[in-house]
Amino acid sequence: MYDFVVVGAGPAGSRFARRASEAGHDVLALEQGRVGEPLACSGHVSTDIWEFTGPEARSELLQNEVFGARFHVGGPGSGSHVFYKHDVVSNVIDRVGLDRHLAALAREAGADLREEHTVTEVEEERDSVTVTARGPDGVGTHEAKMVVGADGPTSRVRKALNLPEPGELLHGVLGFDPDADPGDFVDVHLTAPRFFAWRIPRADAGVEYGLACPPGQQVNELFDELVAGYGADIERRCSGLIPVGPPGVVTTRRGLLVGDAAAQTKPFTGGGILYGMTAVDHAVRTVDPDDPRTLADYEAAWRDDLSTEIRLGHLIRKAYSLPEPIQTLGLASVSGEIGVHMDRPTSVLSVEHLKKMLRP
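Set out below in structure tokens:
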């Protein structure tokens, strides 16, 4: 019997498999396809990402450094309000490479990580969990003390355990233009219904374009308008769902959710790597697979850490739907040099940011 069976080997799943293995637990991780495929997430991340990787990762995965963002109330070619730092604000990385790197770290730590294993059933008993998966050699069952659902926005584990759904699922579309762009700024367009569109320079790796909004809002048509406005030549595109709003509970007697499966994401950007990794570290620190009562400690720990950030993130997102004149006035009043952290809305109240805001 395993201590944990982890379903999904994206950043959160691989992080859990690695950290739990390092803590001495016997871990099996199952990934439906090949790790990192298909790509469905942006490669724009905070500089904190390197705290969760191996020492060689930055030199292998970094594509570009970003110093700020230009916010547009209109589409391509419209005026912008610039927010910037003199230091690097964020990084653009090889997103598929990140997933593979984190999976490799999990294997090095001792986790049994198997690709091309599709979980078809999860049965939770009083003292164990049985996970059924279909792999290259047929269907097999795996027994564990606990199951970890790290299998994304439409989590099969979440459904099998009868856990509640995220508050909403946004539909995101990504496209890539191969023309090199070493620019220092991302562009954000507050033109998509209830969310936004973006353009991210990736240096020699090209340019990433993206857009997300609630399903049913003609997402693909809006994306086509975006890239046409920039005159981009899209050679590759993909899409996926973005969970926003964690459910009220993400644990059962023998199961827990992490990452996108638990909607541990930023409501104002949809990004979930840092929040998911943070929650995973709380899970490994607090959960004892021999004592289901410790799952309550995980619930408390990750919410204590992230709930204020998520709550403020929801408030920021509401500004995306304000009338254009109010958006323009608001952006104009706060643009310029900033001292905020891109993943932590509470940093708006930091001494560093207040100094920037009050500087003549």
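Residue numbers -4 to 355, in our numbering, belong to the letters of the sequence shown in order.
Beta carbons are placed, not taken as given, at the ideal position from N, Cα and C, and that holds for glycine.
Give the single residue among 167, 68, 175 whose Cα lies nearest to the Cα of residue 186. Of the listed residues, the one whose Cα sits closest to residue 186 is 68.
Proximal residues to residue -3 (C-beta, below 6 Å), its chain only, five neighbours per side dropped: The answer, listed in chain order, is 21, 23, 139.
Among all the DSSP beta bridges, which residues are the ones paired with residue 403? This structure does not reach residue 403, given that the chain is present from -4 up to 355, and the question cannot be answered.
Assign residue -2 to one of three DSSP states: helix, strand, or coil. Here DSSP, grouped into helix, strand and coil, assigns residue -2 to strand.
Give the secondary structure of residue 335 by DSSP, where H, G and I count as helix, E and B as strand, and everything else as coil. Reduced to three states, the DSSP call for residue 335 is coil.
Which residues does DSSP pair with residue 88 in a beta bridge? Paired residues: 57.
In this structure, how does DSSP classify residue 108 when only helix, strand and coil are distinguished? The answer is strand: DSSP assigns residue 108 an E or B state.
Between the region 287 to 301 and the region 26 to 38, do three or more beta carbon pairs fall short of 8 Å? With the cut-off at 8 Å, the region 287 to 301 and the region 26 to 38 do not touch.
Report buried or exposed for residue 230, applying the criterion of at least 16 other Cβ atoms within 10 angstroms of its Cβ. Residue 230 sits exposed, since fewer than 16 C-beta atoms from the chains shown fall within 10 Å of its C-beta.
Local conformation of residue 194 per DSSP, three classes: DSSP, reduced to helix, strand and coil, places residue 194 within a strand of the structure shown.
Complete alpha helix (DSSP H) runs within the region 150 to 234 (minimum length 4 residues, chain order): Listed in chain order, they are 151 to 155, 214 to 225.
Per DSSP, what kind of secondary structure is residue 46 in: helix, strand or coil? DSSP places residue 46 in helix when its eight states are reduced to three.
Exposure label - residue 148; buried when at least 16 CB within 10 Å: By the neighbour-count rule (16 or more Cβ atoms within 10 Å), residue 148 is buried.
Using the C-alpha atoms, what's the distance from residue 95 back to residue 122? Rounded to whole angstroms, residue 122 to residue 95 spans 33 Å at the Cα level.
Kindly provide the ranges of any alpha helix (DSSP H) runs that are 4 or more residues long and lie completely inside the region 296 to 336, ordered along the chain. Runs of the alpha helix (DSSP H) inside the region 296 to 336: 319 to 329.
Closest to residue 188 by CA distance: which of 70, 329, 59 is it? The residue with the shortest Cα to Cα distance from residue 188 is 70.
Between the C-alpha atoms of residue -1 and residue 156, what's the straight-line distance to the nearest angstrom? Here the C-alpha atom of residue -1 lies approximately 15 Å from the C-alpha atom of residue 156.
Sub-8 Å separation of residue 290 and residue 152 beta-carbons: Cβ distance not < 8 Å, so residue 290 and residue 152 don't count as in contact.
Chain-order list of residues whose beta-carbon lies under 6 Å from that of residue 261 (same chain, five-residue window excluded): Cβ neighbours of residue 261 beyond the five flanking positions: 308.
Cβ-based burial, residue 137 [other Cβ within 10 Å; buried from 16]: Flag for residue 137 reads buried.
Looking only at C-alpha atoms, which of 239, 245, 249 sits nearest to residue 264? Among 239, 245, 249, the Cα nearest to that of residue 264 belongs to 239.
Under three-state DSSP, which class holds residue 29? In this structure, residue 29 counts as coil in the three-state DSSP scheme.
Counting along the chain, where does the beta strand (DSSP E) carrying residue 65 start and finish? Counting along the chain, residue 65 sits inside the beta strand (DSSP E) bounded by residues 63 to 67.
Note down the Cα distance separating residue 302 from residue 76, rounded to an integer number of angstroms. Computed Cα separation, rounded: 29 Å.
Put residue 118 into one of helix, strand or coil per three-state DSSP. The DSSP-derived three-state label of residue 118 is strand.
Skipping 5 residues on each side, what residues in its chain have a beta carbon closer than 6 Å to that of residue 228? Cβ within range, chain order: 172.
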